[in-house]
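> The structure is given below, and queries will be raised subsequently.
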Amino acid sequence: MKKSELRRLIEDSDVFKNDNEAVKSAVEDVLENRNKKSDQDGEIDIERLKIERNKLELQLAQVKANGNNTSFDQGCKSEPEELLDCLVKSVRTLTI
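Numbers 1 to 96, taken from full-length UniProt numbering, label the letters of the sequence shown in order.
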């Protein structure tokens, strides 16, 4: 249902005609709750990205410390310098 159709249905209802302030208040409450949920979802997504970035930074630190030859990306080769480049690119991608 489109917003315009929903608005028309609300404005044509008996409840709105009799007590439009109560209806407006209810609509504002619903919109406020929706905005809060959207903000919370955005914050959760940001936290997930931060965690993923921290994991990659930890892997990068381990590679630097150990000279580890483990490939973190199938497109990367197993040379330590190339692994570092892949990890740096992954971290940069996550921080964009």
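The beta-carbon is built from N, C-alpha and C at its ideal position, and this holds for glycine as well. The model shown is predicted, which means the values in this text are computed figures rather than measured ones.
Looking only at C-alpha atoms, which of 25, 82, 12 and 95 sits nearest to residue 54?
When only C-alpha atoms are compared, the closest one is 95.
> Tell me the rounded alpha-carbon separation between residue 21 and residue 46.
37 Å
> Kindly indicate which residue of 26, 6, 90 and 29 has the alpha-carbon position closest to the one of residue 52.
90
> Below 8 Å between beta carbons: does that hold for residue 87 and residue 56?
Their beta carbons are under 8 Å apart, which means residue 87 touches residue 56 by this criterion.
> How many Å lie between residue 16 and residue 8 at the Cα?
11 Å
> To the nearest angstrom, report how far apart residue 92 and residue 60 are at their CA atoms.
12 Å
> Please classify residue 64 as buried or exposed, where buried requires at least 16 other C-beta atoms within 10 Å of its C-beta.
exposed
> Determine the contact status of residue 10 and residue 23, defining contact as a CB-CB distance below 8 Å.
yes
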